[in-house]
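Here is the structure we will look at.
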Amino acid sequence: MIKRLCGLVWVFSVSGVSAQAQSALPEHIVSGREELNRQRQAVMAVHEQQARDCWQKFAVNACLSDARKVRRQALEPIRQEELRLNADERQWRTEQREIRLEGKQTDVRGQP
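Numbering (mature numbering (1 follows the signal peptide of the UniProt record, and there is no 0)) for the sequence shown: -19 to -1, 1 to 93.
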């Protein structure tokens, strides 16, 4: 419970900063990250419920191990999509940096 609250506090504190930084990002990257976060939260909620249910069983460790395995399998496609979005964002930032540098070079050439 405390970990969950700390996580929420951290998410809200970072989201304010990242919202400012992401305001210039393309919409597909921002919306993609939001969707991935929703999916990840849903997977984690299911995992937490499964872990709580495991404590009611006789073979707790085996049940917890199975729950972690299911969580990892559910998070893997989310992680792959996140890696793709990260690559898209890096590409976009590289393009933006090149545009800024070209603009600076033309400004320098235009001055006597």
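In this text, a Cβ means the ideal position worked out from N, Cα and C, and glycines have one as well. None of the values given here were measured: they were computed from a predicted structure.
- Judged by DSSP secondary structure, Ala23 falls within the alpha helix (DSSP H) whose first and last residues are Glu8 to Cys35.
- Judged by DSSP in its simplified three-state form, Ala40 adopts coil rather than helix or strand.
- Annotation: Gln20 to Thr75 spans about 28 angstroms, alpha carbon to alpha carbon.
- The segment 66 to 85 and the segment 39 to 51 do not touch, with fewer than 3 CB-CB distances between them shorter than 8 angstroms.
- The alpha-carbon of Asp34 is positioned some 34 angstroms away from that of Leu66.
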